[in-house]
Amino acid sequence: MAQINSSFRFRGDGLIQQTVRQSYDAQARDEDLAWAKVMFGELGF
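Using the UniProt record's numbering, read the sequence shown as starting at 1 and increasing by one per residue.
Shown next, in the form of structure tokens:
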């Protein structure tokens, strides 16, 4: 299961910088299965 985290900070010149990190958990604890059940349930499958 992939997890995406983002954070924001102000640079020295005042602009906003976004950092995005994606991590993959090869030993997911069935979160992907629970997510799929909810999504397919909403779609009527």
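A virtual CB, placed ideally from N, CA and C, is assigned to each residue, including glycine.
These figures come from a predicted structure and were not determined experimentally.
- [ ] Starting from A34, follow the alpha helix (DSSP H) in both directions and report where the run begins and ends.
- [x] To locate residue 34, count along the sequence shown from 1; it is residue 34. Its alpha helix (DSSP H) spans residues E31 to L43.
Open item on the list: For Q27, report the span of its beta strand (DSSP E) as first-last.
Closed with: Translated into the one-based positions of the sequence shown, residue 27 becomes position 27. Neither: Q27 is in no beta strand (DSSP E) and is coded neither H nor E.
- [ ] For I16, I'd like the list of residues in its chain whose CB is within less than 8 Å of its CB, leaving aside the five on either flank, ordered along the chain.
- [x] Sequence index remark: in the sequence shown, residue 16 carries index 16 (1-based). F8, R9 and F10.
Open item on the list: Please report the distance separating the alpha-carbon of F40 from that of Q18.
Closed with: Residue mapping note: residue 40 aligns to position 40 of the sequence shown, counting from 1. Residue mapping note: residue 18 aligns to position 18 of the sequence shown, counting from 1. Approximately 32 Å, taken between the alpha carbons.
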